[in-house]
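Enquirer:
Numbering (this note's numbering), first residue to last: 375 to 505.
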């Protein structure tokens with residue numbers, strides 16, 4: 375079994391497509407396939423799939439036809455969107471790369487005692503703000 379890769383893009387992130395036929399399109403990430411380095415973005419890379427009529431289970435059977443749905447695109451073709459950094463000329467949302475920062479946090483044990491630990495947080499490379 376292959377080792378699971380850690381991708382910077384997560385489910386629920388808002389991204390912009392930076393390459394391919396849907397270049398410039400923005401959408402929310404529906405799912406992430408880390409083994410194949412692919413993401414499915416809402417409203418991007420729409421394909422038509424021809425489905426068969428399935429008559430199992432009486433009324434519960436699916437009807438056939440042509441279904442339009444999103445297909446997976448490579449994670450290198452999308453970039454994370456964040457709010458424009460304060461003091462910049464850009465308005466609205468801008469694309470950014472991701473970095474990681476280790477923050478000191480205080481954790482609590484079940485017996486009530488506390489201890490210091492570190493937590494990794496995603497950070498925008500443009501603004502330095504936490505995502």
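Backbone N, C-alpha and C fix where the C-beta goes; we use that ideal spot for every residue, glycine too.
1) Between residue 476 and residue 420, what straight-line distance do the alpha-carbon atoms span, to the nearest angstrom?
2) Alpha carbons only, please: which of 496, 393, 483 is nearest the one belonging to residue 382?
3) Beta-carbon within less than 8 Å of residue 479's beta-carbon, same chain only, minus the 5 sequence neighbours each way: which residues are those?
4) Buried or exposed: which applies to residue 447, given that a residue is buried once 16 or more other Cβ atoms fall within 10 Å of its Cβ?
5) Quick check: the region 439-454 against the region 481-489, are there 3 or more CB pairs under 8 Å?
6) For residue 399, which of 455, 470, 411 has the nearest alpha-carbon?
7) Report the CB separation of residue 323 from residue 413 in whole angstroms; it is logged as a contact under 8 Å.
8) At the level of alpha carbons, what is the spacing between residue 500 and residue 474?
9) Do residue 394 and residue 417 have their CB atoms nearer than 8 Å?
Expert: Based on what the coordinates show:
1) Within the chain shown, numbered from 1, the residue matching residue 476 stands at position 102. Within the chain shown, numbered from 1, the residue matching residue 420 stands at position 46. Those two C-alpha atoms are separated by around 38 Å.
2) Translated into positions along the chain shown, residue 382 becomes position 8. From the listed residues 496, 393, 483, the smallest Cα separation to residue 382 is found for 496.
3) For the purposes of this step, residue 479 is taken as the residue at position 105 of the chain shown. Contacts found: 490, 491, 492, 493.
4) Taking the chain shown and counting its residues from 1, the one referred to as residue 447 is at position 73. Classification of residue 447: buried, given that the 10 Å Cβ count is 16 or more.
5) No: the two stretches stay apart, fewer than three of their Cβ pairs being nearer than 8 Å.
6) Position 25 of the chain shown, counting from 1, holds the residue named residue 399. Nearest C-alpha to residue 399: 455.
7) Outside the shown range of the chain (375 to 505) lies residue 323, about which nothing can therefore be said.
8) Here residue 500 refers to the residue found at position 126 when the chain shown is read from its first residue. Here residue 474 refers to the residue found at position 100 when the chain shown is read from its first residue. Within the model, the alpha-carbon separation for residue 500 versus residue 474 is close to 13 Å.
9) Numbered from 1 along the chain shown, position 20 holds the residue referred to as residue 394. Numbered from 1 along the chain shown, position 43 holds the residue referred to as residue 417. Going by beta carbons, residue 394 and residue 417 fall outside the 8 Å limit.
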